[in-house]
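S.K.:
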Amino acid sequence: EIVLTQSPGTLSFSPGDRATLSCRASQAVSSDYVAWYQQKPGQAPKLLIYAASSRATGIPDRFSGAGSGTAFTLTISRLESDDFAMYYCQQGGTFGGGTKVEIK
Amino acid sequence: QVQLQESGPGLVKPSETLSLTCTVSGGAISRHYWSWIRQPPGKGLEWIGYIYSSGSTVYNPSLESRVTLSVDTSRNQFSLRLSSVTAADTAVYYCARSLMYFDFIYWGQGMLVTVSS
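Protein chains in written order, with my numbering: chain P, 39 to 142; chain W, 2 to 118.
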C-alpha cells in the first residue's frame, strides 16, 4: 500500500511569495497518476495538476508541478489571495493528508 | 459543461446500507471513468472506487468488501452502495469524472451522509 506524506501540515506565506509544497510517496510511483488538488472550505476539490506536471484546463500558469519516483512538488510562483486553501496530492487511489496554505 | 449531482438519503442507520446516485448532465456517461470519493468532516480525502461506462469496476481495497458501484447509461447515472455502515462512514460523499483514471476533473458539490441511529 502506497502512503503519501505531505508535510508540514500547514505553511504560512504572504501574498506574492513563492510556495513549494511537498508530497513524498512511501515507494516509487508512476508520475502518470500523480495529481494535485486545491480545496476551499465547503467546496469540492479542484484539479490543478495531473500527470505530475500538466496543468488542468483553466489553471493559471503560476501553478506548476514537478517530480518523479517518490518526491513530487507543487509550486505556486506568486501567491494571490485566492490561493490560500488546502492542497492535496494524489497518486492513483491514494491521497496525501493535505497541506494548508495560510496567510502569514 | 459537465455537471454532476449527488442524491440520496442524508441519514443512514448503523449496520444499514448507504445508497447514493450521481446524475451527470452536459455530457455522456459513455467512455469515461466515474468515481466516488469521500471526506469525513474536518479530514482528508478517500477514494472509494471507480466504474467505467461499460460497468467494469475497481475498488479501494480498504472498502472493497462493502462497496458496490453500478452504472445506468440510459439515465446518465451511476450509483454507490456501501453496506454495514458505522459512524466512521459519516462523510461528505463526492462523485467525480476522470480525465483518464484517477485525475478527477469534474466533481459534484458533495453530499453529507451521517450515520446515526
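Cβ coordinates follow ideal geometry from the N, Cα and C atoms, glycine included.
Give the straight-line distance between the Cα atoms of W:Asn61 and W:Arg67, rounded to the nearest whole angstrom.
M.R.: Working through the second sequence from its first residue, we reach residue 61 of chain W at position 60. Working through the second sequence from its first residue, we reach residue 67 of chain W at position 66. Taking the CA atoms as reference points, W:Asn61 sits about 10 Å from W:Arg67.
S.K.: Locate the beta strand (DSSP E) running through P:Ile87, then write down its first and last residues.
M.R.: Position 49 of the first sequence, counted from the first residue, corresponds to residue 87 of chain P. It spans Lys84 to Tyr88 - the beta strand (DSSP E) in which P:Ile87 sits, taken as one unbroken run.
S.K.: For W:Tyr102, which residues in the same chain have their Cβ closer than 6 Å to its Cβ, ignoring the five residues on either side in sequence?
M.R.: The residue labelled residue 102 of chain W in the question sits at position 101 within the second sequence. Cβ neighbours of W:Tyr102 beyond the five flanking positions: Tyr34.
S.K.: Kindly indicate which three-state DSSP category W:Ala29 falls into: helix, strand or coil?
M.R.: If you number the second sequence from 1, residue 29 of chain W lands on position 28. Looking at W:Ala29 - three-state DSSP - the assignment turns out to be coil, as it is neither helix nor strand.
S.K.: According to a CB-to-CB cut-off of less than 7 Å, which residues of the segment 66-87 of chain P neighbour chain W?
M.R.: Residues of the segment 66-87 of chain P with a Cβ closer than 7 Å to any Cβ of chain W, in chain order: Tyr71, Ala73, Ala82, Pro83 and Leu85.
S.K.: P:Ser115 to P:Leu86, Cα distance in whole Å?
M.R.: As a first step, residue 115 of chain P is located in the first sequence; it is residue number 77 there, counting from the start. As a first step, residue 86 of chain P is located in the first sequence; it is residue number 48 there, counting from the start. Cα-Cα distance, rounded: 14 Å.
S.K.: Examine the Cβ distances between the segment 42-58 of chain W and the segment 116-135 of chain P and report whether three or more of them are shorter than 8 Å.
M.R.: yes
S.K.: So, is the C-beta of W:Gly109 closer than 8 Å to a C-beta in chain P?
M.R.: Indexing the second sequence from 1 puts residue 109 of chain W at position 108. True, the Cβ-Cβ gap to chain P drops below 8 Å.
S.K.: Does any CB atom of chain P fall closer than 8 Å to the CB of W:Trp37?
M.R.: Along the second sequence, one-based indexing puts residue 37 of chain W at 36. Closer than 8 Å: no.
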